[in-house]
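The sequence shown stops at residue 499 when you use this note's numbering, and every number in between is there.
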Amino acid sequence: MSTEEERTYLLETVQSLNRELVVISPDHVIVAANDYAKGKYGRDMVGKHCHAVYYGREKPCSSCPVQGQAREELFEHTEAEQMEGTEYGAVCYPLESENCPGCVAKVDFDPPKMDRLRKRLQQSNAFLHNLLVSSVDAVIAADMRGNILIFNDVAAEVLGYSREEAMARLDIRDIYPEDGAREVMGMLRSEDKGGRGKLKSYRVEVLSKEGERIPISLNASVIYEGGEEVATIGYFYDMREDLKMEKELEETRLELFQSAKMAALGKLAAGVAHQINNPLAGINLFAQLLLEEHELGDEALEDVQRILEDTNRCRETVRELLEFAKQSSYEAKPQDINKALSRTVFLLEKHAIFHNIEIRKEFEEGLPYPECDLQQLSHVFMNIIINAAEAMEGNGVLRVATQSLPGDWIRVTIADTGPGIDPQVLPYIFDPFFSTKETAKNGQEKGGSGTGLGLIVAYRIVRNHRGRLHVANHEEGGAVFTIDLPLVQHGKGE
Ligand SMILES: Nc1ncnc2c1ncn2[C@@H]1O[C@H](COP(=O)(O)OP(=O)(O)OP(=O)(O)O)[C@@H](O)[C@H]1O
Ligand SMILES: [Mg+2]
């Protein structure tokens, strides 16, 4: 309990302070002020609203320390305001006494201290800013109207906008294709992916300035102020490299699987082919003898001829099987692929199935010569071209093109305008004996031979040349086969 004397001292100290000391009521009225404050703002300041006295405002300021919620959290409140071009600072303390419940004592701030504080604030702001700008992830923050607030260098690199243009003109909604921004906001607000207001490792696409769709992995959060959404911040990384690597790994895995399968099948096929070859030769020989040495009636003659035809078909299959089983021994010499393709086309176009097919040759002039076994490669071209003609059922356009690729490779493209390959069938077309062609109807061959060995033989030959054989369906229809061959056969004969 302070004595009367003590109170007098205190009052005099307060009055003689070279600081503004005012007491403000919860309804923003100045209820007491020391002489220093009165000297500055007028002796009649007591009884007036603080916002009117200090800032000439009609309504309380938005960050008023007297106001309810702020007051509760408040022990020391620092206020910085721009007043007629000069800085103004104050420290506010809640006064929890019976005489003035809910009041706040406000003492003005030492300007040099303010400067130091401001500098510290600026430094920490600059540090935080640097932290975001130098992040290895792309960082973009935007307010709820879509204006960009932060756009770091990585974001600029991925999306192709400069930071300045993004800050000045870009709307956050523009970086997502279609309704992507709404989708991301929906996810952010839901509990599903990391809790409300958070989004973790969300895969979505963004649009670059050039309109390219870029897959990204996004971590994002909503920034709240007083429970209200005021901004969003997203950290993301470009997934193109990862996806490319994933795809390459998957392709390598499939190729390894395919090679292992082929090696095993190759052995089996060679064994079976040799076993069948001898009895086939016998059937063929005896059927020939029947024809030559006996006077056969019409029906018997037809039957024997059917035996001979079917035997021939079996021999073809056996030949293919042996080709398929053949080990990688081949003679690789630099060869003119344009010439080889021309020859293959020349040989094939005489066949009836090609009569209504327009063949477009788009050969690159001066195409480098890859080291290869021409006979084997011609077999590849022939199988693929025949497939194309069969797919088009003898009507359409066949494009045969060559081009050189960077890194000492050449590419042969064989594209047709047929129905393309059914996506359900696509994974199997390189499997031995896989065919969608009707081979036999009452023992009669229809359409292609349909052994289902054409592509696997082609695949094997291309692999032996250390090349790549790819197939895709063209957007406008038809299948496109590409054969990539290296110019030099490093480490051949392994
Ligand atoms: N250009 C193409 N367009 C559509 N489907 C194709 C094409 N090329 C191949 N295919 C599909 O791939 C399957 C396998 O082809 P592959 O050449 O291995 O066997 P095939 O042509 O059926 O028989 P063959 O052993 O006589 O060549 C075909 O049956 C067909 O379904
Ligand atoms: Mg075929």
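Quick reminder that beta carbons are idealized off the backbone N, C-alpha and C, glycines included.
- T456 has its CB nearer than 7 Å to a heavy atom of ligand 1.
- Judged by DSSP secondary structure, I391 falls outside any beta strand (DSSP E) and instead within the alpha helix (DSSP H) spanning L379 to A396.
- Not one heavy atom of ligand 2 is found less than 7 Å from the C-beta of L346.
- Per DSSP, reduced to three states, the secondary structure at H299 is coil, with no helix or strand assignment.
- For I228, the enclosing beta strand (DSSP E) stretches over residues R218 to E230.
- The beta carbons of A394 and I419 sit no closer together than 8 Å.
- Annotation for Q429: no beta strand (DSSP E) segment contains it, and DSSP assigns it neither H nor E.
- Assignment of D148 by DSSP, reduced to helix, strand and coil, places it in the strand class.
- Here P339 has Y374 and E376 as same chain residues with Cβ atoms under 6 Å from its own Cβ, once five neighbours each way along the sequence are excluded.
- Secondary structure of D413 (DSSP, three-state): coil.
- Pairwise C-beta distances place the segment 24–34 in contact with the segment 60–72, as three or more of them are shorter than 8 Å.
- Judged by DSSP in its simplified three-state form, L259 adopts helix.
- Any heavy atom of ligand 2 within less than 5 Å of a residue's beta carbon puts that residue on the list, which reads N392 and G459.
- Taking 8 Å as the upper bound for CB-CB distance, I342 and I390 are not in contact here, some 14 Å apart.
- Under DSSP, V485 shares a beta bridge with A420 and A477.
- The bridge partners DSSP lists for I180 come to none.
- Between ligand 1 and I228, a heavy atom-to-CB distance of less than 7 Å is absent.
- DSSP places L126 in the helix class (H, G or I) of the three-state scheme.
- Proximity of the segment 162–170 to the segment 185–202 falls short of the contact definition, fewer than three beta-carbon pairs being nearer than 8 Å.
- Taking the Cα positions, D243 is about 55 Å away from C319.
- Residue pairing of E367 in beta bridges, as defined by DSSP: A406.
- Nearest in C-alpha terms to Y207, of all of V476, L164 and P220, is P220.
- In this structure L136 is exposed. Its beta-carbon is surrounded by fewer than 16 other beta-carbon atoms within 10 angstroms.
- Under the DSSP assignment, I461 falls in the alpha helix (DSSP H) whose first and last residues are G459 to N469.
- P339 has E376 as its beta-bridge partners, per DSSP.
- Under the DSSP assignment, L154 falls in the beta strand (DSSP E) whose first and last residues are I153 to F156.
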